[in-house]
Amino acid sequence: MIMPGVREVGSFLTTFPVNKNGEGRSIQWRVDGDYVPDRVRFRLVESLVDDALDKLRGGLALDEEIELDSDGERMGSIESYVVSIEKVGQLTREQLEAMKSLWGLQDTCRNAVLCSGIIMGNILECWPYTPLVGFGFDLTYNNLFCFRDSAWLNDNAMRAFAVCLARYKNNCTVVIPPPKKAKDAKNGTQPKATKSRISTSTLDKVGESVASHQFVLLPINFGGTHWGCLVVDRDTKVIKMYDSMGGKRNKKRLQKMAEEIRTGPLRDDSYEALEVTEPVQTDSDSCGVFVCRFFWTCVSSESPSDVSPAGITKLRWEMLHAVMKLRPR
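Position in the sequence shown (first residue = 1) + 8 = my numbering.
Right, dumping it as structure tokens:
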């Protein structure tokens with residue numbers, strides 16, 4: 009199914025006919041269960057829709073209680089309200105509510121276009137190597153281009169959003185840089201094999217952070233091609249392992265890393281390792297976005313839940329917005 013963008017939807021809604029005949033005219037509600045409404049090919053001006061619905065809620069429907077099911081649909085018997093508006097005709101409550109929804113959707117589309125335009129304008133109008141301050145590491149505007157669709161999040165973009173989370177909810181989280189394999193001091197090459205997958209300095213940092221923070225977030229970069237993560241939850245004594253692709257090889261890597269943390273800096277506490285398998289990404293480039301969302305779900309119940317392709321696009325914008333509005337301390 010092809011889903012149009014907010015700009016296209018907003019453009020369509022602005023061409024939807026608006027009937028202005030009822031402005032300033034009398035509004036009369038009645039209960040009429042036998043009324044069969046006509047198909048309406050227009051919408052009333054938003055102020056008139058608001059006035060009519062407010063009059064209903066303050067009059068005939070003053071004591072009405074509406075119960076919703078799990079899908080948000082109304083349950084039980086509901087009074088059939090019909091409104092007569094001079095110079096317009098008769099309409100049902102459902103028709104007015106549909107008109108109100110259209111106005112709300114149009115406003116949402118307008119704000120979305122303005123928001124994305126402002127954010128992208130701020131980025132595109134800046135020199136790519138202009139620094140963004142307040143993140144604790146070197147970050148420039150060109151590091152943020154990867155927040156667009158179908159782009160893999162680079163190290164700095166991941167760290168930038170992680171800093172935003174670290175300041176979320178009164179600094180209840182701390183972010184650990186992705187662990188990297190140590191280089192040979194003589195020739196600068198990577199060793200062929202190492203017993204430990206996490207550096208000693210990172211393990212020490214985990215131990216120090218757990219003492220003062222509820223969550224310790226570790227983004228894991230697998231060979232520069234894929235992101236996974238570990239989350240140490242101090243309150244539940246759990247080390248969560250997450251890979252949005254569910255690969256067996258990366259699963260084993262995460263298990264070994266979790267074991268190094270559990271038997272290293274956390275050896276005096278009874279921590280358990282827990283594999284998280286959902287959600288799973290369906291594309292090839294959003295692993296970093298899924299990791300950031302998982303971090304978000306760990307530290308807050310207000311994290312986005314939509315992981316559909318459209319939801320991931322929206323999440324990328326939310327992450328970029330969070331980075332752009334971060335204020336230096």
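Cβ atoms here follow ideal geometry from the backbone N, Cα and C, with glycine treated the same way.
Own chain residues within Cβ distance below 7 Å of residue i, not counting five before or after
i, result
"Q289", "S252, M253, C295 and F298"
"V331", "L152, A168, F169 and C172"
"K194", "For K194, the pLDDT reaches just 48, beneath the cut-off of 50, and the residue's location in the model is therefore unreliable, leaving the point undetermined."
"D40", "S88 and V90"
"S92", "Q36 and Q98"
"A201", "Caution is warranted here: a pLDDT of 47 is assigned to A201, below 50, making its placement in the model unreliable, and the coordinate value is therefore given only provisionally. Nothing listed; no residue qualifies."
"W160", "C154, D293 and G296"
"P227", "M166, A170, P186, W235, C237 and V299"
Where the beta strand (DSSP E) containing residue i begins and where it ends
i, result
"G236", "H234 to D241"
"E91", "According to the sequence provided, residue 91 is Val. The question's Glu does not apply to it. Element bounds for V91: Y89 to I93."
"W160", "Unbroken run through W160: none, as it is neither H nor E."
"F298", "Not the beta strand (DSSP E): F298 falls in the alpha helix (DSSP H), residues C295 to V307."
Residue i, buried or exposed, once every other Cβ within 10 Å from all chains shown has been counted against 16
i, result
"Y137", "exposed"
"K95", "exposed"
"S313", "exposed"
"G236", "buried"
"I86", "exposed"
"R101", "buried"
"H70", "A small correction: the amino acid at residue 70 is Leu; His does not occupy that position in the sequence shown. Classification of L70: exposed, given that the 10 Å Cβ count is below 16."
"A174", "buried"
"R301", "buried"
"G32", "exposed"
"S55", "exposed"
Extent of the continuous alpha helix (DSSP H) to which residue i belongs
i, result
"E326", "P317 to M332"
"I86", "No alpha helix (DSSP H) contains I86, which DSSP labels as neither H nor E."
"N258", "K256 to T271"
Proximity test, residue i beta-carbon vs the ligand SAM heavy atom, cut-off 6 Å
i, result
"V91", "This structure lacks the ligand SAM, and indeed carries no ligand of any kind."
Own chain, CB closer than 8 Å to residue i, minus 5 neighbours either side, in chain order
i, result
"E268", "S204, R205, I206 and L211"
"V284", "K248, M249, Y250 and F302"
Supposed close pair residue i, residue j - CB separation, criterion 8 Å
i, j, result
"A219", "L238", "With a Cβ gap of about 17 Å, A219 and L238 do not count as contacting."
Cutoff 6 Å; reference residue i; Cβ partners in own chain excluding five residues on either side
i, result
"S34", "E94"
**Q.** Inter-stretch contact (C-beta, 8 Å, three-pair minimum) for the stretch 256-266 and the stretch 300-308
**A.** Judged by Cβ distances under 8 Å, the stretch 256-266 makes no contact with the stretch 300-308, as fewer than three pairs qualify.
Q) Should the stretch 215-226 be called in touch with the stretch 139-157, which here means at least 3 C-beta pairs below 8 Å? A) No, because fewer than three Cβ pairs between the stretch 215-226 and the stretch 139-157 fall closer than 8 Å, the two stretches do not touch.
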